[in-house]
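Numbering (my numbering), first residue to last: 169 to 531.
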Amino acid sequence: MVPTTLLLLLVSTFFQVVFAAYQIVQDYSGDAFWQGFDFFTDPDPTDGLVQFQSLEAANSSGIAGFIDGGNASFAIYMGVDTEKVAPEGRAAVRVTSSESFQHGLVIADIVHMPGGVCGTWPAFWMVGTDWPKNGEIDIVEGVNDQPTNSMTLHTSEGPVITNGTDFSGQVITSNCDINAPDQPTNAGCSIGDISNLTFGPEFNEAGGGVFATEWTSDFIKIWFFPRGSFPSDIVSSSPNPSANWGAPNSLFQGQFNIDDHFKNLQIVFDTTFCGQWAGAVWNTSSCAALAPTCEEYVANNPADFADAFWAINTLQVFQDDGAGSVNPNASPGKAKRGVSGTQILAGKGSHSRSTKSILPIYM
169 MVPTTLLLLL VSTFFQVVFA AYQIVQDYSG DAFWQGFDFF TDPDPTDGLV
219 QFQSLEAANS SGIAGFIDGG NASFAIYMGV DTEKVAPEGR AAVRVTSSES
269 FQHGLVIADI VHMPGGVCGT WPAFWMVGTD WPKNGEIDIV EGVNDQPTNS
319 MTLHTSEGPV ITNGTDFSGQ VITSNCDINA PDQPTNAGCS IGDISNLTFG
369 PEFNEAGGGV FATEWTSDFI KIWFFPRGSF PSDIVSSSPN PSANWGAPNS
419 LFQGQFNIDD HFKNLQIVFD TTFCGQWAGA VWNTSSCAAL APTCEEYVAN
469 NPADFADAFW AINTLQVFQD DGAGSVNPNA SPGKAKRGVS GTQILAGKGS
519 HSRSTKSILP IYM
């Protein structure tokens with residue numbers, strides 16, 4: 169029989185090891201965000217009515233910078249043009265992390281998102297350079313007046329996810345292949361959230377929350393925690409998903425090898441307009457009452473996009489020792505600003521779109 173004291177010591181050691189498994193490998197909070205992300209300026213691959221701006225252009229026009237994130241903190245700000253009629257495309261921002269990651273836990277404290285605005289298609293996602301072979305994970309995504317978050321994987325042929333009761337969302341489509349014959353093109357395998365707190369106006373009114381994405385060789389899970397309900401280990405930057413996080417909002421796994429389909433993913437934030445999704449479903453949404461087409465509405469109503477912005481308190485990447493890797497794909501950006509990184513805010517975040525003041529990125 170093992171002595172009680174020795175057993176307690178072994179149990180204590182085990183839990184210490186479990187809790188220490190994830191170590192931070194990248195903190196993109198504050199200045200580090202602009203230094204670690206590159207601005208995408210090519211035409212939108214999804215055919216959106218958008219003009220993605222360079223760092224210099226976005227900074228000078230005030231659609232990229234910092235904003236009050238609540239509790240005396242500064243949040244990363246990425247907005248869109250709200251002043252000009254834009255028949256050639258509305259100015260907006262798409263940024264991609266210079267580094268790519270293989271496995272890990274990505275935690276983002278988001279105060280405000282562009283979701284729920286007619287004509288918009290915002291997304292927070294991860295993608296490989298060889299798409300779709302290296303995969304895509306959509307963590308936050310939606311279009312027009314969609315009330316809840318869509319979490320989706322996009323791959324080449326092979327992965328099909330299984331349904332179950334160990335996550336809270338609802339499976340919308342199960343075949344991750346972008347060319348699956350029984351699904352719309354590029355639908356992927358998608359799980360829809362059931363709470364309006366995960367996307368759009370209700371998310372923003374509640375002060376946002378934390379999205380946590382865990383990617384291993386066995387599964388991909390996404391959790392959402394509303395502000396005021398964060399696990400203490402997230403607040404302390406020592407995350408342990410298996411401790412007290414509960415069931416995830418989505419769980420992607422099945423009879424396929426995840427590592428064969430998801431490799432070296434970069435983190436992306438963007439806001440586009442219309443295009444292959446928001447434009448395609450315009451006439452099936454209440455937004456159709458605003459204009460005959462998505463493109464006409466987006467081009468001619470700049471002021472209606474005042475609420476179409478991202479405000480991000482923190483973005484951190486953790487990895488399990490020996491189970492992940494970080495790969496530099498490009499030189500970090502040169503943007504600098506005297507704003508320190510913030511902490512994940514357990515209390516209520518706040519902002520006011522009518523009085524928001526954008527602080528520039530000092531370069």
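All C-beta atoms in this analysis are idealised placements derived from N, C-alpha and C, irrespective of residue type, glycine included.
- With contacts defined by Cβ atoms closer than 9 Å, I435 and Y196 form a contacting pair.
- With respect to the C-alpha of D472, the residue from G283, G272 and D199 having the closest C-alpha is G283.
- Counting only residues of its own chain and dropping the five nearest sequence neighbours on each side, L527 has a CB closer than 6 Å to the CB of G233 and F234.
- Per the C-alpha coordinates, the member of T482, I329 and S400 positioned closest to F424 is I329.
- When the five nearest sequence neighbours on each side are left out, the beta carbons in the same chain lying within less than 6 Å of the beta carbon of F430 are those of G303, in order along the chain.
- With a threshold of 16 other beta carbon atoms within 10 Å, I362 falls short and is exposed.
- Counting only the Cα atoms, T384 lies some 13 Å from L433.
- Remark: C-beta atoms of W289 and V311 approach each other more closely than 9 Å.
- A residue is called buried once 16 or more other Cβ atoms fall within 10 Å of its Cβ, and K389 is buried on that count.
- Minimum Cα-Cα distance from V261 among the listed residues S228, S410 and F379 corresponds to S228.
- Straight-line measurement puts the Cα of F398 at about 10 Å from the Cα of N412.
- About 7 Å separates the beta carbon of A276 from that of V378, a gap short enough to meet the 8 Å contact definition.
- According to DSSP, C357 shares a beta bridge with L321.
- In the three-state reduction of the DSSP assignment, Y465 falls in the helix class.
- Secondary structure at V248: coil, using DSSP grouped into helix, strand and coil.
- Pairwise C-beta distances place the stretch 329-348 out of contact with the stretch 436-446, as fewer than three of them are shorter than 8 Å.
- Annotation note: the stretch 402-459 contains the following uninterrupted alpha helix (DSSP H) runs of length 4 or greater, listed N- to C-terminal: 409-412 and 426-429.
- Collapsing the DSSP output to three states places F398 in coil.
- Checking the DSSP bridge columns, you'll see L527 partnered with F234.
- By the criterion of at least three beta-carbon pairs nearer than 8 Å, the stretch 263-273 is not in contact with the stretch 353-360.
- The secondary-structure analysis by DSSP pairs D306 across a beta bridge with W293 and T320.
- Using a 10 angstroms sphere on the CB of N317, the tally of other CB atoms reaches 16 or more, which defines it as buried.
- By the beta-carbon neighbour count (other beta carbons within 10 angstroms, threshold 16), Y465 is buried.
- With fewer than 16 neighbouring CB atoms inside 10 Å of its own CB, A457 falls in the exposed class.
- Out of I480, N495 and S418, the CA that lies nearest to the CA of N331 is found in S418.
- G230 has its alpha-carbon roughly 28 Å from the corresponding atom of T461.
- Of the residues assessed, P416 falls on the buried side of the cut-off, its CB having 16 or more other CB atoms within 10 angstroms.
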